[in-house]
Amino acid sequence: MTLLPESTNAVLAIDVAAILESPLAKSNHWSEPFDPKFAEQLTRLPPDAQRFVLATELGLDHLEPVWEFAALKVNHAVDVETLRADIDGRVDSLAGKRAVRTERESVIVPFRDNRLGLIRIAPRAWAALQVRHAETRSAPCIAPFLADAVVRAGGQTQIVIALNVEDALPMEVVRNTIARSTLLANSEVALDALAETFSSLQGFVLTVQVTDSMHGKLEMVFRNPPSLLSKFSKPLMLDLLASAGSSLPEFYQWQPSQVDNALAIEGELSIDGLRKLLSLLHYDVSDMVRSPEGTLARATKPVPHASAEYAKRVTRIVDSLKAVANDNSFATQVLWTDRAAKSIMRLSTRNVQPEIADLGTQIAYELSDIVSIFHNAENTAVMESSAQAKPAIQWHSRLVPYEGYRTPYGVYFRYMPLSVASVNVGENLQHRERIEMAELSKANQRATEKFYEIQKKVDELGRQAELPKRD
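Quick note, the sequence shown lines up with residues 990 to 1460 if you use this note's numbering.
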């Protein structure tokens, strides 16, 4: 952990050795990198890896990384020239240390004790500074919440993902979130008490146990026991996940469980579900995976193995989106489609036939077009609902008689003004939801048409890579 930068707010920790010893890994030959099933491996880390930690600083608005710093411990000393040849990179120097720069401009830096650092999405000066700090740091500098999460990855719990939000959410944002939540707004708990509880939120932790299947547990961790929230822990967590667009269908089958200072749900996790969750941190280590063809293969011509593996990964990413097709949430559609597009763009094209790599790029761009469709629909819904919304409170005034008196000329009344307020918050909310659903329906229709074109490109990708025909 001493390699990880101080501004880290999210981590992914993997006990690679423990995963490869699991029945699931052994039955699928995940420890054999050139076996056809290796492409389906959960981690795609080299089999000589022991532990892996990815640290990143995520922007909380859209969960986009500012930088990435991955640390990998292997079971042997690392030679820069051998590493360069294995991954077809070029030798570089960073902060006075010999390093290897990959085809996608990531930098791999060997450290002492058989450790490697992989730095991505970062200015060179920042990367050099982190290398200097990592060389001299004697203790972890990441938040204790994240350090505890990293330590949990080991033995029976092989994968841990953690996001630290402590002191990152202003009270105004917390109150607005509570007010927008139908579940919380309709609860009997006072707003101030709810806001105070949420202000002690430290973050989220997902743990995964891999045996002959996978079992996941998602925790929402607080500094103090969240007793006010315990009676509706599962619906609350599902509500928050859905609002962030990061929900999965299997989460709805998970059951609430008791954890100190945390709300938690747990249940069976599919390989496809885990891949989606890993994509939240843009997890991809293909820069570190050795090519079986070696450096000379690239110098002469592309090879079928690399092209087939690339096509399989693109196909799997696209197929994973079928589970969220026509989901009635802008956030869900945007997040997973965006992650799919970026995952394809970040795949290694080393030794891949150019026409197959071009098809993959086209598919990624068309997925990005789908993201734009949903963004535009969401913006249209916001503008229309704002333009058509009534004032939150409308005052209606009129004169009403309050006293009558009789005169020789008849009965007369004295009048006083009376103002009546009508509150339109609920009506506006219902109207906004109707507009959102209408725009979402239109967007889903356009996205379905676009996705049909993408599917045809995926089929063409499979034909060119000579993959078995898809169902």
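By construction, the Cβ of each residue, glycine as well, lies at the ideal position given by its N, Cα and C atoms. This one's a predicted model, so the numbers in the text were calculated from it and none came from an experiment.
With C-beta atoms as the reference, is residue i less than 7 Å away from residue j?
i, j, result
"L1195", "L1207", "yes"
"T1321", "I1131", "no"
"T1045", "E1053", "no"
"I1008", "F1041", "no"
"S1011", "V1199", "yes"
"V1120", "L1083", "yes"
"F1363", "A1427", "no"
"R1203", "L1252", "According to the sequence displayed, residue 1203 carries Met and not Arg. In this structure, L1252 does not lie closer than 7 Å to M1203 by Cβ."
"A1436", "I1359", "yes"
"F1221", "N1250", "no"
"N1103", "A1074", "no"
"L1061", "L1105", "yes"
"A1182", "L1217", "yes"
"V1069", "R1093", "no"
Could you pull the DSSP bridge partners for residue i from this structure?
i, result
"A1059", "L1043 and L1107"
"A1146", "The displayed chain sequence assigns Thr, not Ala, to residue 1146. For T1146, which the question treats as bridged, DSSP gives the partners G1143."
"F1187", "DSSP output for F1187 lists no bridge partner at all."
"A1088", "D1081"
"M1209", "F1193 and L1252"
"E1455", "DSSP output for E1455 lists no bridge partner at all."
"I1003", "F1041 and I1148"
"N1368", "Per DSSP, none; premise fails for N1368."
Go ahead and pull the three-state DSSP assignment for residue i.
i, result
"V1360", "helix"
"R1073", "helix"
"H1204", "strand"
"R1097", "What sits at residue 1097 in the sequence shown is Ile, not Arg. Strand at I1097."
"V1162", "helix"
"Y1016", "According to the sequence shown, residue 1016 is Ser rather than Tyr. S1016: helix per DSSP, three-state reduction."
"E1053", "strand"
"R1126", "coil"
"T1321", "helix"
"A1066", "coil"
"V1341", "coil"
"P1245", "strand"
"E1010", "coil"
"I1131", "coil"
"Y1401", "strand"
"D1037", "coil"
"A1179", "coil"
"V1199", "strand"
"G1262", "helix"
"E1155", "coil"
Closer than 6 Å by C-beta to residue i: which residues in its own chain qualify, once you throw out the five before and the five after it? Chain order, please.
i, result
"F1134", "N1153, Q1191 and G1192"
"A1295", "N1340 and V1341"
"Q1453", "I1345"
"G1283", "Because G1283 carries a pLDDT of 44, less than 50, the predicted location of this residue cannot be relied on, and the following value inherits that uncertainty. Same-chain partners within the cutoff: there are none."
If I measure Cβ to Cβ from residue i and keep anything under 7 Å in the same chain, skipping five residues before and after, which residues do I get?
i, result
"L1072", "V1089 and I1097"
"T1289", "Because T1289 sits at a pLDDT of 42, beneath the cut-off of 50, its placement in the model cannot be relied upon, and the point is left open."
"V1000", "V1042, L1043, A1044, L1135, A1138, V1139 and A1151"
"A1006", "Q1039"
"P1215", "T1186 and L1252"
"T1338", "Y1299 and A1346"
"D1228", "S1170 and L1172"
Suppose the cutoff is 8 Å on Cβ atoms and the five residues either side in sequence are ignored; what does the same chain contact list for residue i look like?
i, result
"T1304", "V1447, L1450, G1451, L1456 and R1459"
"A1184", "M1160, V1163, R1164 and I1167"
Task: Inter-stretch contact (C-beta, 8 Å, three-pair minimum) for the segment 1116 to 1131 and the segment 1239 to 1253 - done: no
Task: Cβ contact check for the segment 1433 to 1446 and the segment 1338 to 1352: 3 or more pairs under 8 Å - done: yes
TODO: Evaluate the contact criterion for the segment 1100 to 1115 versus the segment 1158 to 1167: three or more CB pairs, one atom per stretch, below 8 Å.
DONE: no
Task: At least 3 beta-carbon pairs within less than 8 Å: the segment 1169 to 1178 vs the segment 1141 to 1150 - done: no
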